[in-house]
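One gets this note's numbering by counting positions in the sequence shown from 1 and adding 850 to each.
Here's the structure we're looking at; comments come further down.
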Amino acid sequence: MVVDSYRKEIGRKVVHIFALGYLAVYFVFAVSFSHRAALLILTGMLVVVIFLEYIRLQLQLDIPLLKFLYTFRRRSEADSVGGELYLMLGVLVSLAVFEMSIAVAAVLMTVFGDVTAALVGRKFGRIRPQVFGGKKSLEGAAAGLLVNLVIGFLILRTSAEGSLWWHGAVQGTTCLDISFGHTLWPVAVVMALVATIVELTISKINDNLTIPVISGFAGQVAMMLTAAA
851 MVVDSYRKEI
861 GRKVVHIFAL
871 GYLAVYFVFA
881 VSFSHRAALL
891 ILTGMLVVVI
901 FLEYIRLQLQ
911 LDIPLLKFLY
921 TFRRRSEADS
931 VGGELYLMLG
941 VLVSLAVFEM
951 SIAVAAVLMT
961 VFGDVTAALV
971 GRKFGRIRPQ
981 VFGGKKSLEG
991 AAAGLLVNLV
1001 IGFLILRTSA
1011 EGSLWWHGAV
1021 QGTTCLDISF
1031 GHTLWPVAVV
1041 MALVATIVEL
1051 TISKINDNLT
1061 IPVISGFAGQ
1071 VAMMLTAAA
């Protein structure tokens, strides 16, 4: 039963990988056309998902192609909107509002940090404080925090020239610049901590939305304060 539950949890978390494809679509259209055009494409994709959820929830019609994916959803999502819609909305808000580096870091923390926290917590979690509802484990939170810090180190690191090492490659202007620069540690640490705290404490609102938006907001504020100091 535990094994089946763990496997099903893995299946539920696979939807997070969809965010990487969503992010890739943004970069393809942002480079080929513009930031605004890319956001419009992502909004169109979100509208399609909203329409599919309308068919499922209000018209109560089964979509054969998607029926298998629905089996991985939580019971609480049987009669409510699925996590992928919140995830798309979180990615869209992040890309529309925050600096590119902040948005990408926030999305990746949502994808990998949240997945790590959930899977490690379900497999190895023993300490589950009642103050957090008794469902989330400190072991999972610690694993998620570690992954979030690694993401912050990688995404918020500059090259020797001072620009983000991956930015030129994403825009198609240069190759990856792996020369050693420095990591924006205050921003990375703030985002990692906030993403972990949100995942650990907020349970009534879908974390696919709360993690990228709140951690991204915190990171953006931290970046502004760091620049002003």
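The beta-carbon is built from N, C-alpha and C at its ideal position, and this holds for glycine as well.
Handout entry: the stretch 934–943 contacting the stretch 1057–1069, beta-carbon criterion three pairs below 8 angstroms
Key = yes
Exercise for the section: In the DSSP assignment, find the alpha helix (DSSP H) that holds residue 877 and state where it starts and stops. Expected result: 867–882
Practice task
Identify the continuous alpha helix (DSSP H) that holds residue 973 and give its terminal residues.
Solution key: 964–974
Exercise for the section: Spell out the partners DSSP gives residue 906 in its beta bridges. Expected result: Paired residues: none, contrary to the question.
Exercise for the section: Give the secondary structure of residue 1007 by DSSP, where H, G and I count as helix, E and B as strand, and everything else as coil. Expected result: strand
Exercise for the section: Give me the Cα-Cα distance between residue 874 and residue 933, rounded to the nearest whole angstrom. Expected result: 19 angstroms
Problem - residue 1002 vs residue 1077 beta-carbon contact at 8 angstroms - result: no
Practice task
Give a yes or no on contact between the stretch 959–974 and the stretch 1040–1059, applying the rule of three or more CB pairs nearer than 8 angstroms.
Solution key: yes
Handout entry: Limits of the alpha helix (DSSP H) - the one that residue 979 falls within
Key = Looking at the DSSP string, residue 979 is not in any alpha helix (DSSP H), and its letter there is neither H nor E.
Problem - Outcome for residue 999 when other beta-carbon atoms lying within 10 angstroms are tallied against a minimum of 16 - result: buried
Problem - Whether residue 871 touches residue 953 by CB criterion (8 angstroms) - result: no
Handout entry: C-alpha gap between residue 1010 and residue 1075, whole angstroms
Key = Here residue 1010 scores only 44 on pLDDT, less than 50, and its place in the model is too uncertain to base an answer on.
Handout entry: CA-to-CA distance, residue 891 to residue 820, given in whole angstroms
Key = No statement about residue 820 is possible, as the shown extent of the chain runs from 851 to 1079 and does not include it.
Handout entry: Where the alpha helix (DSSP H) through residue 1073 begins and ends
Key = 1057–1078
Exercise for the section: Tell me, to the nearest whole angstrom, how far the beta carbon of residue 889 is from that of residue 946; I am working on the premise that it is less than 8 angstroms. Expected result: 6 angstroms
Handout entry: Alpha carbon of residue 886 to alpha carbon of residue 997, nearest angstrom
Key = 31 angstroms
Exercise for the section: Report the rounded CA-to-CA distance for residue 803 versus residue 1072, giving the unit in angstroms. Expected result: The structure shown does not extend to residue 803, since the chain is modelled only from 851 through 1079, so no value can be given for it.
Exercise for the section: Determine the direct distance from the alpha carbon of residue 894 to that of residue 865, and round the result to whole angstroms. Expected result: 19 angstroms
Exercise for the section: Check whether the Cβ atoms of residue 977 and residue 969 sit closer than 8 angstroms, and answer yes or no. Expected result: no
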